[in-house]
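A quick write-up on the structure given underneath.
Residue numbers (the working numbering): 32 to 195.
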């Protein structure tokens with residue numbers, strides 16, 4: 032695929048998507064090679080529940096910085112696979128907390144050595160790429176200060192006003 036010419040600005044999103052898809056595809060191949068049924072999109076939700084215990088959809092969305100819809104989709108497929116279940120919140124009957132099932136705990140125990148190996152390899156790639164993770168953190172911080180949307184709207188409004 033050829034991106035727009037004229038600098039990195041137009042290609043950052045495309046590059047990040049391609050790299051993410053490439054990594055996810057390779058990780059998926061490893062799961063398949065080991066005969067493990069696991070969707071990469073489950074990892075964040077599952078990891079948060081492992082680290083924090085039962086959590087609400089809102090807590091998961093906030094921790095992962097993704098939408099409630101994305102969390103709910105992952106939870107539905109995790110529930111269908113038998114790895115999580117919703118339990119009533121002991122402090123608020125209107126809320127439900129997502130918890131690992133016995134099957135989910137067994138899956139986590141089986142996958143933990145693989146996840147640790149993935150983390151080691153990701154750290155090695157990061158070192159090889161001159162600490163790209165730190166630069167991605169800075170990119171995220173820049174977007175926290177001013178979203179891409181806000182930046183573009185400001186430029187488009189200035190351009191529109193100057194052409195009027």
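C-beta atoms are modelled at their ideal positions from N, C-alpha and C, and glycine is treated no differently.
Do residue i and residue j have their CB atoms nearer than 8 Å?
{"i": "residue 105", "j": "residue 73", "result": "yes"}
{"i": "residue 128", "j": "residue 86", "result": "yes"}
{"i": "residue 109", "j": "residue 115", "result": "yes"}
{"i": "residue 75", "j": "residue 95", "result": "yes"}
{"i": "residue 82", "j": "residue 91", "result": "no"}
{"i": "residue 58", "j": "residue 71", "result": "yes"}
{"i": "residue 157", "j": "residue 148", "result": "no"}
Buried or exposed for residue i, please, with buried defined as at least 16 other CB atoms from any protein chain shown within 10 angstroms of its CB.
{"i": "residue 174", "result": "exposed"}
{"i": "residue 88", "result": "buried"}
{"i": "residue 131", "result": "buried"}
{"i": "residue 77", "result": "buried"}
{"i": "residue 43", "result": "exposed"}
Heavy atom of the ligand MN less than 7 Å from the Cβ of residue i, yes or no?
{"i": "residue 188", "result": "This structure simply doesn't include the ligand MN, nor any ligand for that matter."}
Three or more C-beta pairs below 8 Å linking the segment 65–81 and the segment 132–146: yes
Secondary structure, beta strand (DSSP E): runs of 3+ residues fully inside the segment 113–153: 115–120, 123–131
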